[in-house]
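2 protein chains.
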Amino acid sequence: MRASVLSDWLAQRLDRGNGQPIYRQLHRLLQQAILSRELPPGSKVPSSRLLAQELGIGRNTVTQVYEQLVLEGYVSSATGRGTFVADSAPDEIVGVPDAEAPAARPEPAPLQARRALSTRGARLIAGAGVSKRQWGAFMPGVPDVTKFPARVWSRLHNKYWRRLRPDLLTYAPGGGLASLRHALADYLRTSRSVRCTPEQIIITTGIHQSVDLAVRLLSDPGDVIWTEDPCYWGVRSVLHVSGLKSRPIAVDEEGINPSADDLAQPPKLMLVTPSHQYPLGMVMSLARRRMLLEYARQNQCWIIEDDYDSEYRYGSRPLASLQGLDTSGQVIYVGSFGKTLFPGLRIGYLVVPEALAESFATASAELYREGQLLQQAMLAEFIAEGHFTSHIRKMRTLYGQRRQTLLDAAAHRYGDALPAVGGDAGLHLVMQLPDGSDDRRVAAAALERNIVVRPLSGYYAQPGLAPSGLLIGYACVPDEEIAPAFNTLADAIDATLPEFA
Amino acid sequence: MRASVLSDWLAQRLDRGNGQPIYRQLHRLLQQAILSRELPPGSKVPSSRLLAQELGIGRNTVTQVYEQLVLEGYVSSATGRGTFVADSAPDEIVGVPDAEAPAARPEPAPLQARRALSTRGARLIAGAGVSKRQWGAFMPGVPDVTKFPARVWSRLHNKYWRRLRPDLLTYAPGGGLASLRHALADYLRTSRSVRCTPEQIIITTGIHQSVDLAVRLLSDPGDVIWTEDPCYWGVRSVLHVSGLKSRPIAVDEEGINPSADDLAQPPKLMLVTPSHQYPLGMVMSLARRRMLLEYARQNQCWIIEDDYDSEYRYGSRPLASLQGLDTSGQVIYVGSFGKTLFPGLRIGYLVVPEALAESFATASAELYREGQLLQQAMLAEFIAEGHFTSHIRKMRTLYGQRRQTLLDAAAHRYGDALPAVGGDAGLHLVMQLPDGSDDRRVAAAALERNIVVRPLSGYYAQPGLAPSGLLIGYACVPDEEIAPAFNTLADAIDATLPEFA
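Chains A and B, in that order, give the protein sequences. Last residue of the first sequence: 501 in our numbering, with the numbers rising by one and none dropped. Last residue of the second sequence: 1501 in our numbering, with the numbers rising by one and none dropped.
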């Protein structure tokens, strides 16, 4: 839809008789047109005077709606040149307001809303990718929590609560419980070739807090961070709200692949997923690892290595971590127990260079006022008693089978027509959709059938130019439900892309 | 000490024979001189050329030390005018480096350290107030966790782990578990006159995360926030790292007391403790509450109400919350279970105006990727079954007795010479020390005797001009240990302030 036909489109949809204020209807319709890309990024919207005239409504109403959209980050206005759809509009299907559906509760008054959120707050909300659904086929990134050894966990819980230790119930000293840091240092050394002392390990509540801490300690507002393109949407919000500018760097089959132009402007930080790129799944080559480390050393940048899902590989053995190759103390390694045990546990960790260990521990206590030491003590014992590695082994076998079941179901329905990539590791794979097809519409159609998948394009910096595909998480789906759920998903694909039906 | 005698002072203390590099000795001595206020804020330090000459060391060494101190926020340098001690130097005794003590591990090389922390990171570390000690007499702000009803808690834990519910083990939808939000809405309405629906309650990990979320959603870098002077040091770090400028506002016996000059410059936010001022303990008068609310309404500021320790009052009944008086949706109410149950639990909450509820829930999920729903389910049931209110009742009686035991011990030793204030509520009281006495030295002397108290001056924006006193937490000290521990503290006071011996 070109902007010039916008007023017709709006006029057909505005409904004076449905009891909703015109202000609110117009606001939602414009949001919808922008989120659905019907009003593409960069396009100009009509002047408030013109639009008010063509719709036969007050100019003040239009002005207020435009101001609200500016605050929310949907459009930006340049004095004297007009109002334009923002370049990076919010890019997730979840949370798209439905102009037709009646609202569950009254909308805040325009005046109140206009002064409500700060610029960074409005941008955060407009770009939020988080989903209300966190369980069910085919939720990516969620492990099968029903297989967690609950009895062992309860036994440990009862043991620690039977004899109360006050030091485990009060605030944590910075960095977390010593026994957990020791257990982790051992585990990471043997399984991931991470070289560190226990003091270099900082316990956090997960990757979000780990990245938040690293970014706040190591960068200032306006600093540039390289992110892989595509990358995990959740971390983008954490980076932006701390004032960082992210520069999306393309990936190829060897991982992050900075161009000469990129290399000419060294960033302050880079955030990479060497073990298997998120979400596409390729492993960063050794040559690329060496290049990155040398570049970081020469240009004094920090590398944040997100070793996401490295425990789950179904074919070849993983390469050692980037941290293990680092000889100049420039890699911050982050990991979590969210995918190996259960997400709700909220325990993650950083491994920081020795020179930074004390600052990170202090800052963590100062900023987050940590606790949960009793849970950390349980986890340390869980690891020391061998339950952690045996649980991972068990789940690796199970997930490998589920992955194969999913691949079989896909091949049975589509043959080679919709190839899957990135399935050598992790808890999801990516099914490619035909070029030019709208993966967001497919995901929305699947959600209507109670199937959660995520559109691949939403992980790219410019969703409009991104490849089309679906992230399909198989880990939390019981074996016997995989094929039926895939068929339901396929019905949604076929209904949305009729050329495949 | 004037800056002009600095080189003599340094020359006496630098020790070429002790095996520590001169760079490091000089760095620590200067830090010490600044932290101890011997080099007062704003004073000029000698040029690197002059200091190098007078100490007979290399000028490069001095230059590097100055650069390091700039990065750490101790001094700032103005081109052409020289180098000056920063206005707001780090103000906590904890973490003051000891120039004499040998370091536990090797210091990072100057080059590495120089590029290590960002400006905001260095400032955070330099100003960090967090203590390594979190348990023992007289730790302020820590409840008696040994009285927590561990059996009830274990029973609830076992109940939820016996029949695994996957939705409680995965990520949380924004805002937290519905049952806990319902239980809290009921509790806050009856006990604190907070008026809200469950949807207006956002579960967090505590006051730090609550304030972080509010500040990021409602303000932008450079915005001004009013803080009470004195106030809780921990929140100051959270505010600063998000780019806020805090304007300290004096308090009187009616609570925060903005001057005409303050009122002429409306802030974006204000952070207040109306129930009992932290750490001094006065209750904000009704007139002051009405004035604040009206001022906020007229100037469209947000008020963050920290209802800290409101459950523990030993005399009169508390006034209703500020939130309950707010008719225009400008108050963000924050509270936590850290003091009523146990700090390590890490569950707190915000109550936000209706118009902001959805944005706060989304932002919380997006920024922090919450979990711990099983623990939230346990807590909701703990509240619903009445254990929460009965535990508070029990602890209020216990803490009231301990408070009296402490007051008796103080009166027995000092009579009226060192009066205590702020003891009508909460878990600590403030013992006033004579004007001009150094409460930081007293606290350090107490710590040598294994007694933790906090110097009152550290809670003020300008510790050098602040009243002298000690925060003494009595809640976590067993009854029979209070008098002996106070006598040990008194020995430290007498040794430091001989006029009282």
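For glycine and all other residues, C-beta sits at the position ideal for the given N, C-alpha and C.
Under a three-way DSSP split, which group does residue i fall into?
i                : result
Q1481 of chain B : It is worth fixing the name first, because residue 1481 of chain B is Glu in this sequence and not Gln. Three-state DSSP puts E1481 of chain B in a helix.
S76 of chain A   : strand
P198 of chain A  : helix
I1057 of chain B : coil
A508 of chain A  : This structure cannot settle anything about residue 508 of chain A, because the visible part of chain A is limited to 1 through 501.
D144 of chain A  : coil
T1340 of chain B : coil
Q1277 of chain B : coil
L1429 of chain B : strand
T327 of chain A  : coil
G464 of chain A  : helix
A320 of chain A  : coil
D1008 of chain B : helix
G1121 of chain B : helix
A1109 of chain B : Note on A1109 of chain B: pLDDT 38, under 50, position unreliable in the model; the coordinate value appears next. Coil at A1109 of chain B, not helix or strand.
K394 of chain A  : helix
Just how far apart, CA to CA, sit residue i and residue j?
i                : j                : result
G206 of chain A  : T1397 of chain B : 39 Å
L156 of chain A  : E448 of chain A  : 42 Å
Q53 of chain A   : A116 of chain A  : 29 Å
I1451 of chain B : R1413 of chain B : 17 Å
V45 of chain A   : D8 of chain A    : 13 Å
R1216 of chain B : E1366 of chain B : 12 Å
M1378 of chain B : V1477 of chain B : 28 Å
G1335 of chain B : G17 of chain A   : 44 Å
E38 of chain A   : L6 of chain A    : 9 Å
R1290 of chain B : V1430 of chain B : 28 Å
R1440 of chain B : R163 of chain A  : 36 Å
L218 of chain A  : G1121 of chain B : 6 Å
A444 of chain A  : D416 of chain A  : 24 Å
Is the CB-CB distance between residue i and residue j below 7 Å?
i                : j                : result
S1275 of chain B : D1307 of chain B : yes
V194 of chain A  : G338 of chain A  : no
D220 of chain A  : T1119 of chain B : yes
S364 of chain A  : I202 of chain A  : yes
P267 of chain A  : I225 of chain A  : yes
L1470 of chain B : V1453 of chain B : yes
D1229 of chain B : P1248 of chain B : yes
P1041 of chain B : V1085 of chain B : yes
S237 of chain A  : L124 of chain A  : yes
A1411 of chain B : R1313 of chain B : no
G344 of chain A  : L1345 of chain B : no
E480 of chain A  : I392 of chain A  : no
Report the option in the options whose CA atom is closest to the CA atom of residue i.
i                : options                            : result
T1496 of chain B : B:Q1323, B:E1481, B:G1436, B:C1476 : B:G1436
V1352 of chain B : B:R1028, B:I1332, B:A1483, B:E1370 : B:I1332
Y295 of chain A  : A:G281, A:T327, A:R313             : A:T327
D1144 of chain B : B:R1059, B:M1395, B:V1070, B:G1080 : B:M1395
G1371 of chain B : A:I392, A:H391, A:F342, A:Q31      : A:F342
Q1064 of chain B : B:Q1032, B:S1043, B:R1028          : B:R1028
K1147 of chain B : B:S1457, B:G1056, B:F1388          : B:F1388
V1442 of chain B : B:P1498, B:S1390, B:G1415, B:I1482 : B:P1498
N1158 of chain B : B:L1374, B:R1402, B:Y1399          : B:L1374
R59 of chain A   : A:G255, A:L30, A:R49, A:Q68        : A:R49
V1070 of chain B : B:R1024, B:L1055, B:A1126, B:G1080 : B:A1126
Could you tell me the boundaries of the beta strand (DSSP E) in which residue i lies?
i                : result
G1473 of chain B : 1469 to 1473
P266 of chain A  : P266 of chain A -> no beta strand (DSSP E), and no H or E assigned at all.
K1245 of chain B : 1245 to 1252
L350 of chain A  : 348 to 351
F84 of chain A   : 82 to 85
E499 of chain A  : Per DSSP, E499 of chain A belongs to no beta strand (DSSP E) and is neither H nor E.
V224 of chain A  : 224 to 229
Would you give the residue range spanned by the alpha helix (DSSP H) that residue i belongs to?
i                : result
W1161 of chain B : 1150 to 1162
W1233 of chain B : 1233 to 1241
Y308 of chain A  : No alpha helix (DSSP H) contains Y308 of chain A, which DSSP labels as neither H nor E.
Can we count residue i as close to the ligand NAD, meaning its CB is less than 6 Å from some heavy atom?
i                : result
P1467 of chain B : Ligands are entirely absent from the displayed structure, and the ligand NAD is therefore not among its contents.
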